[in-house]
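*Asks:* Be aware that the sequence shown starts at 1186, since it is given in the working numbering, and climbs by one per residue.
Please read through the structure below; I'll follow up with questions.
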Amino acid sequence: MDRVPTGIKGLDELLGGGFPEGRCILITGSPGSGKTTFALQYLYHGAMLGDTGLYVTLDEHPDLVKRNLQSYEWDLDGMEKKGKLLFIDASGLRRAKTSENSLVSTYGSPVDVADFSELLKTINKVVEGENVHRIALDPVTTLMLRYVEVLKRRRATVAFFDALADSGCTSLITSELKTSLMDRRFQLEEFLSHGVVLLHSLFHEGNIVRAVQIEKMRGISHDTQIRPYQFGTTGIEVFPRDKVF
Ligand SMILES: Nc1ncnc2c1ncn2[C@@H]1O[C@H](COP(=O)(O)OP(=O)(O)OP(=O)(O)O)[C@@H](O)[C@H]1O
Ligand SMILES: [Mg+2]
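Here it is as structure tokens:
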């Protein structure tokens, strides 16, 4: 299986080269664990290699997302100007209940969003029109919370993951992990994605330790240990040979 380098220092070593190409990978972690950093680091690194990346924000306006990541040594604006990094602002979906939602895309004119299926259409249009290779959708939790009914939520989640897998891109979806490592209930998204990367905050010998674990990655062999990671000036760095416990 062809691999897509992640751009996360140390992580490719755990994956034997990178994410499996064309797959849909879930990045799940607690608040502040680095999900947004992970997503944009992946796209930015891809853009530097020549892959056009699409970031879909369901949380904050793209300008705010970029501002939050200013402390990293990444020229996100420069990449956007070159057309190698594209943003879709779907943060309106978080608030909206009716069909009057407005989806503002930096690509083309604003689109009306009746439902998240409209979002999928917009994503597909941009993917085809701009020859996108990498997608990051951050965070999916917001989108899924719109569905109170479990069955509807399940259907919507399946449709969403299928559509991303069909796009031909190697996609990342982030989700919020609400439980701790030891007392954990698996989330629906984890079963539906081809791969799952967990970002943990662990309490060890009186300290909080940040640690990453590849829970699953269909079709490839990978490291399964819990490995420490840190935030640095270039984003997340994983220490692939170190152990936490
Ligand atoms: N330049 C930096 N150096 C070190 N750590 C940083 C730097 N910039 C951000 N961080 C760390 O990254 C964390 C936030 O990362 P990020 O926004 O990617 O997390 P998140 O999981 O997306 O958060 P949320 O749950 O709020 O969406 C901050 O809490 C901070 O600890
Ligand atoms: Mg975030």
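For each residue, glycine too, the CB sits at the ideal point set by N, CA and C.
In this text, all values refer to a predicted model and were calculated from it rather than measured experimentally.
#1: At a cut-off of 8 Å, is Thr1327 close to ligand 2 when judged by its beta-carbon and the heavy atoms of the ligand?
#2: With 16 other CB atoms within 10 Å as the buried threshold, where does Gln1255 fall?
#3: Tell me where the alpha helix (DSSP H) around Arg1338 begins and ends.
#4: What span of residues does the alpha helix (DSSP H) with Pro1247 cover, start to end?
#5: Is the closest heavy atom of ligand 1 to the C-beta of Tyr1257 under 8 Å?
#6: Assign Ser1360 to buried or exposed, taking buried as 16 or more other Cβ atoms, counted over all protein chains shown, within 10 Å of its Cβ.
#7: What number of angstroms, rounded off, separates the C-alpha of Leu1200 from the C-alpha of Glu1334?
#8: Hey, is the region 1389-1408 in contact with the region 1204-1216, meaning 3+ C-beta pairs nearer than 8 Å?
#9: Helix, strand or coil for Met1402 per DSSP?
#10: Taking just the CA atoms, how far does Thr1327 sit from Ser1276?
#11: Along the chain, where does the alpha helix (DSSP H) containing Met1308 start, and where does it finish?
#12: Using 10 angstroms around the beta-carbon of Asp1427, count the other beta-carbons present and answer buried if the total reaches 16, otherwise exposed.
#13: Within 8 Å: the Cβ of Asp1244 and any heavy atom of ligand 2?
#14: Can you have a look at Leu1249 and say buried or exposed, based on whether 16 or more other CB atoms are within 10 angstroms of its CB?
#15: Have a look at Lys1194 and Glu1303 and give me their C-alpha separation to the nearest angstrom.
#16: Quick check: the region 1221-1228 against the region 1238-1249, are at least 3 beta-carbon pairs closer than 8 Å?
#17: On the CB-based measure, 16 or more other CB atoms within 10 Å of its CB, does Glu1374 come out buried or exposed?
#18: Taking the C-alpha atoms as reference points, what is the distance between Phe1416 and Glu1422?
#19: Can you find the residues in the same chain that come closer than 6 Å, C-beta to C-beta, to Gly1293, ignoring five residues on each side of it along the sequence?
#20: Given a cut-off of 9 Å on the beta-carbon distance, is the pair Leu1349 and Leu1322 in contact?
#21: From the DSSP secondary-structure annotation, give me the bridge partner or partners of Arg1359.
*Replies:* Looking at the atomic coordinates:
#1: Position 142 of the sequence shown, counted from the start, is the residue given in the question as residue 1327. Flag unset: Cβ of Thr1327 not near ligand 2.
#2: Reading the sequence shown from its first residue, position 70 is the one you call residue 1255. Flag for Gln1255 reads exposed.
#3: On the sequence shown, position 153 is the one that residue 1338 refers to. Counting along the chain, the alpha helix (DSSP H) containing Arg1338 begins and ends at Val1335 to Asp1351.
#4: Reading the sequence shown from its first residue, position 62 is the one you call residue 1247. It spans Pro1247 to Asn1253 - the alpha helix (DSSP H) in which Pro1247 sits, taken as one unbroken run.
#5: Taking the sequence shown and counting its residues from 1, the one referred to as residue 1257 is at position 72. It does: the Cβ of Tyr1257 is within 8 Å (strictly closer) of some heavy atom of ligand 1.
#6: Against the sequence shown, residue 1360 aligns to sequence position 175. With at least 16 other beta carbons inside 10 angstroms of its own, Ser1360 counts as buried.
#7: Mapped onto the sequence shown, residue 1200 falls at position 15. Mapped onto the sequence shown, residue 1334 falls at position 149. Taken atom to atom, the span from the alpha-carbon of Leu1200 to that of Glu1334 is near 36 Å.
#8: Yes, they touch.
#9: One-based indexing of the sequence shown puts residue 1402 at position 217. If DSSP states are grouped into helix, strand and coil, Met1402 belongs with the strands.
#10: Taking the sequence shown and counting its residues from 1, one reaches residue 1276 at position 91. Taking the sequence shown and counting its residues from 1, one reaches residue 1327 at position 142. Linking Ser1276 to Thr1327 through their CA atoms gives a straight-line distance of about 9 Å.
#11: One-based indexing of the sequence shown puts residue 1308 at position 123. According to the sequence provided, residue 1308 is Ile. The question's Met does not apply to it. Ile1308 -> alpha helix (DSSP H) spans Phe1301 to Glu1315.
#12: Position 242 of the sequence shown, counted from the first residue, corresponds to residue 1427. Label assigned to Asp1427: exposed.
#13: Taking the sequence shown and counting its residues from 1, one reaches residue 1244 at position 59. Relative to the non-hydrogen atoms of ligand 2, the Cβ of Asp1244 comes within a distance shorter than 8 Å of at least one.
#14: To locate residue 1249, count along the sequence shown from 1; it is residue 64. By the neighbour-count definition (other C-beta atoms within 10 Å, threshold 16), Leu1249 is an exposed residue.
#15: Within the sequence shown, residue 1194 is the residue found at index 9, counting from 1. Within the sequence shown, residue 1303 is the residue found at index 118, counting from 1. Distance between the alpha carbons of Lys1194 and Glu1303: 35 Å.
#16: They touch, by the three-pair rule.
#17: In the sequence shown, counting from the first residue as 1, residue 1374 sits at position 189. Residue environment: Glu1374 is assigned as buried (16 or more neighbouring CB atoms within 10 Å of its CB, all protein chains considered).
#18: Sequence index remark: in the sequence shown, residue 1416 carries index 231 (1-based). Sequence index remark: in the sequence shown, residue 1422 carries index 237 (1-based). Phe1416 and Glu1422: Cα-Cα distance of roughly 6 Å.
#19: Locating residue 1293 in the sequence shown gives position 108, where the first residue counts as 1. Because Gly1293 carries a pLDDT of 45, less than 50, the predicted location of this residue cannot be relied on, and the following value inherits that uncertainty. There are no such residues.
#20: In the sequence shown, the residue the question calls residue 1349 occupies position 164. In the sequence shown, the residue the question calls residue 1322 occupies position 137. The Cβ atoms of Leu1349 and Leu1322 lie closer than 9 Å to each other.
#21: Taking the sequence shown and counting its residues from 1, one reaches residue 1359 at position 174. For the record, residue 1359 in the displayed sequence is Thr; it is not Arg. Per DSSP, Ile1212.
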